[in-house]
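As they're listed, the protein sequences go chains C and V.
Heads up: the first sequence begins at 1 in this note's numbering, then just goes up one per residue.
Heads up: the second sequence begins at 1001 in this note's numbering, then just goes up one per residue.
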Amino acid sequence: MKPRNIQANPNVDGPAVVREALKIILPRVEDHSRRNFLRRSLTLGGVAMLSGCSISDNSSVGAALAAISRINDGVQGLIFGPAQLAPTYPDSMIMRPFPFNAYYAEDEIREVDGDSWRLEVTGMVADRRKWTLAELRAMPQIGQVTRHICVEGWSAIGKWAGVPFSEFLKRSGADLSAKYIDFRCADDYHTSIDMATALHPQTTLALDWDGSPLPPKYGYPVKLRMPTKLGYKNPKHIHTIIVTNTYPGGYWEDQGYNWFGGS
Amino acid sequence: MQPNHMMISEKPAAPAVIHPVWLRVVHWLNVLAVLLMVTSGWRIYDAAPFWNFRIPTEWTLGGWLGGALQWHFAGMWLLAINGLIYLSLNVGTGRFLKKFVPLTPSIILTDLKAALRGRLSHDDLTHYNGLQKAAYVFAVLDLIVLIVSGLVLWKSVQFQMLRELLGGYEGARRVHFIAMSLLVAFVAGHVFMVALVPRTLLTMIRGR
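If you want it as structure tokens, here you go:
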């Protein structure tokens, strides 16, 4: 889903058009969460970004900013220390309740059936198969109390536990020289990460939150927890993992957020 | 270089260059960089304000959080590289010693008292008075704090020592915002002073 470069029409009053559109659309939307989502995203900037238009009526400015973001991906890859651990905290500092955040509101949280759910691993892996929740629980487990940092700026300390992701990749026979790992989720979210972060000792295929199985709002049944990356890079309700050398992008990344998203 | 005598046919010596070309270029690039960083930074703050106010969206750059972040992480290169060039040339050409030294609390106090009495002379623009020296040194240090705290916000896991120095990730957020506020206050004061002595704007454009 690559943005197209469309030249904005300078004769059109952009903000006025958006206000008109909101006035027409919003009353027809019964569902409050969709209305809030529309209201939040239908700013001129949101529309412009989603359609690939540059804010400043100049598509080359937008292209330059995106190119610099890709350069920053490379720089972050160089700065990333494969053994540099994120700070950990005592249980007493866990934020309860932990904030919910997604590109939709709480009444649209997906309820996944853990018994029928399978984790499919495909792409550059020797063992392309589907894993059950029980099989994941039978693997060695680790956990930490770490700081979740959102791209919006806020942070919250939480406790996740699950299978060390490097261990899981090795058991799947993943090609560890591949560049990217793509995650597809039950809430139609997707994001991808670099192999170096995937192999980081604190990167966890999390099954538990704060000592109990992940509740739906935090990503039941499986979430990828990486304290070395911002929140939007930590996918919830994962159903498919793809190891690949083709840049996969992501839900927010395709709209202009930085891909590496390292913290 | 004073001539011993003036021949009638000689033209008078041109006024000395107050700001060399490199300084003027660096200064105006810095103006651009600071504008980009502050206005995009305000939009980022607005996404999750940690104090009881937001900055009006009309004052911000980027249109939405995604756009503001793009501007912020592009502008940072201009700010940092331009800043490094300034520091290297300022020290390397000897300009720092010439313009900023001596700088002592008593020099600052003397000039502050003169300024408050309306007696601080601006006739000779080739020298900075004590208040200018203090203000510009403060601005440089403040920008360094902004950059260091910015690095911690960007990569709090990777820059562990800096992170701990600034009170952790959340501490760094406050340091970053306070340093920005001080910089904005400096800019306001600086622009006001330029308005009071408009010749200084000319010297920063023409050099003399």
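Where is the CB? At the ideal position from N, CA and C, for every residue including glycine.
Open item on the list: Quick check on DSSP: helix, strand or coil for V:L1103?
Closed with: One-based indexing of the second sequence puts residue 1103 of chain V at position 103. If DSSP states are grouped into helix, strand and coil, V:L1103 belongs with coil.
Task: Neighbour-count burial assignment, C:D187, 16 or more Cβ in a 10 Å radius - done: For this step, residue 187 of chain C is matched to residue 187 along the first sequence. C:D187 should be labelled buried.
- [ ] From the DSSP output, in three-state form, read off C:P216 for me.
- [x] Here residue 216 of chain C refers to the residue found at position 216 of the first sequence. It is helical.
Open item on the list: So if DSSP puts C:E120 in a beta bridge, which residue, or which two residues, is it bridged to?
Closed with: By one-based count along the first sequence, residue 120 of chain C stands at place 120. In the DSSP output, where bridge partners are listed per residue, C:E120 has C:K130, C:T240.
- [ ] Within its chain, find whatever has a CB closer than 8 Å to the CB of V:L1032; leave out the 5 residues flanking it on each side and keep chain order.
- [x] Your numbering for residue 1032 of chain V matches position 32 in the second sequence. Hits under 8 Å: L1078.
TODO: Would you identify the three-state DSSP class for C:G46, choosing helix, strand or coil?
DONE: Position 46 of the first sequence holds residue 46 of chain C. For C:G46, the predicted structure reports a pLDDT of 46, less than 50, and the residue's modelled location is therefore unreliable. The matter cannot be settled from this model.
Task: Interface partners of V:W1051 on chain C, CB under 9 Å - done: What you label residue 1051 of chain V is simply residue 51 of the second sequence in a count that begins at 1. Think of a sphere of 9 Å around the beta carbon of V:W1051: no beta carbon from chain C falls inside it, the nearest being about 12 Å out.
- [ ] List the residues of chain V that C:R96 touches, going by C-beta distances under 7 Å, in chain order.
- [x] Reading the first sequence from its first residue, position 96 is the one you call residue 96 of chain C. Neighbours of C:R96 on chain V: none; closest Cβ ~17 Å, over 7 Å.
TODO: Output yes if chain V places a C-beta closer than 8 Å to the C-beta of C:W154; else output no.
DONE: Here the question's residue 154 of chain C lines up with position 154 in the first sequence. So yes, C:W154 belongs to the interface.
- [ ] Note the first and the last residue of the continuous beta strand (DSSP E) segment covering C:V222.
- [x] Here residue 222 of chain C refers to the residue found at position 222 of the first sequence. Segment: none, C:V222 is in no beta strand (DSSP E) and carries neither H nor E.
Open item on the list: For C:V47, which residues in the same chain have their Cβ closer than 7 Å to its Cβ, ignoring the five residues on either side in sequence?
Closed with: Within the first sequence, numbered from 1, the residue matching residue 47 of chain C stands at position 47. Note that C:V47 has pLDDT 45, beneath the 50 cutoff, so the model's placement of it is unreliable and the number below is only indicative. Contacts found: V18.
Open item on the list: If I follow the unbroken alpha helix (DSSP H) through V:F1073, where does it start and stop?
Closed with: Position 73 of the second sequence, counted from the start, is the residue given in the question as residue 1073 of chain V. Run containing V:F1073: 1065-1092, per the alpha helix (DSSP H) assignment.
Task: Near-chain C residues of the region 1066-1097 of chain V (beta-carbon distance less than 8 Å), N- to C-terminal order - done: G1066, G1067, L1069, Q1070, W1071, F1073, A1074, W1077
Open item on the list: Per the DSSP calculation, C:I109 is bridged to which residue(s)?
Closed with: The count along the first sequence starts at 1 and reaches residue 109 of chain C at position 109. Its beta-bridge partners do not exist; DSSP assigns none.
TODO: Could you say which of C:Q202, C:G250, C:E253 lies nearest to C:V145 if we only look at CA atoms?
DONE: Here residue 145 of chain C is taken as the residue at index 145 of the first sequence, counted from 1. Selected option, being the one with the closest Cα: C:Q202.
Task: Proximal chain V residues relative to C:A86, where beta-carbon distance stays under 7 Å - done: Locating residue 86 of chain C in the first sequence gives position 86, counting from the first residue. What C:A86 touches in chain V: V1157.
Task: V:F1159 and V:L1146 closer than 8 Å at C-beta - done: Start at 1 with the first residue of the second sequence, and residue 1159 of chain V comes out as number 159. Start at 1 with the first residue of the second sequence, and residue 1146 of chain V comes out as number 146. No. Outside cutoff.
TODO: Output the boundary residues of the alpha helix (DSSP H) element that contains C:Q76.
DONE: The residue you call residue 76 of chain C lines up with position 76 of the first sequence. Note, C:Q76: alpha helix (DSSP H), 59-79.
Open item on the list: Less than 8 Å between the C-beta atoms of C:T191 and C:K233, yes or no?
Closed with: The residue you call residue 191 of chain C lines up with position 191 of the first sequence. The residue you call residue 233 of chain C lines up with position 233 of the first sequence. Yes.
Task: Boundaries of the alpha helix (DSSP H) in which V:W1022 is found, first to last residue - done: To locate residue 1022 of chain V, count along the second sequence from 1; it is residue 22. That run of the alpha helix (DSSP H) goes 1021-1047.
TODO: Counting only runs of 4+ residues fully inside the region 122-189 of chain C, write out the alpha helix (DSSP H) ranges in chain order.
DONE: 133-138, 165-171
- [ ] Quick one: list the residues of chain C neighbouring V:E1058, beta-carbon separation under 7 Å, in chain order.
- [x] As a working mapping, residue 1058 of chain V is identified with position 58 in the second sequence. Chain C residues near V:E1058: none, gap ~11 Å exceeds 7 Å.
Task: Nearest to C:E262 (by Cα), restricted to the options V:K1155, V:F1050, V:T1104 - done: As a working note, residue 262 of chain C is residue 262 in the first sequence. Here residue 262 of chain C turns out to be Gly, not Glu, going by the sequence shown. Here the closest residue by C-alpha is V:K1155.
Open item on the list: Just to confirm, is the Cβ distance from C:G231 to C:V151 under 8 Å?
Closed with: By 1-based counting over the first sequence, the position of residue 231 of chain C is 231. By 1-based counting over the first sequence, the position of residue 151 of chain C is 151. Yes, they are a contact pair.
Open item on the list: Distance check for C:Q76 and C:K217, CA to CA, integer angstroms please.
Closed with: Taking the first sequence and counting its residues from 1, one reaches residue 217 of chain C at position 217. Taking the first sequence and counting its residues from 1, one reaches residue 76 of chain C at position 76. Between C:K217 and C:Q76, the C-alpha separation is close to 30 Å.
Task: chain C contacts from the region 1159-1193 of chain V (Cβ-Cβ distance under 9 Å) - done: F1159, Q1160, R1163, E1164, G1168, Y1169, E1170, R1173
Open item on the list: Check for me: the beta strand (DSSP E) holding C:A206 runs from which residue to which?
Closed with: Residue mapping note: residue 206 of chain C aligns to position 206 of the first sequence, counting from 1. Taken as a continuous stretch (DSSP letters only), the beta strand (DSSP E) holding C:A206 covers 204-209.
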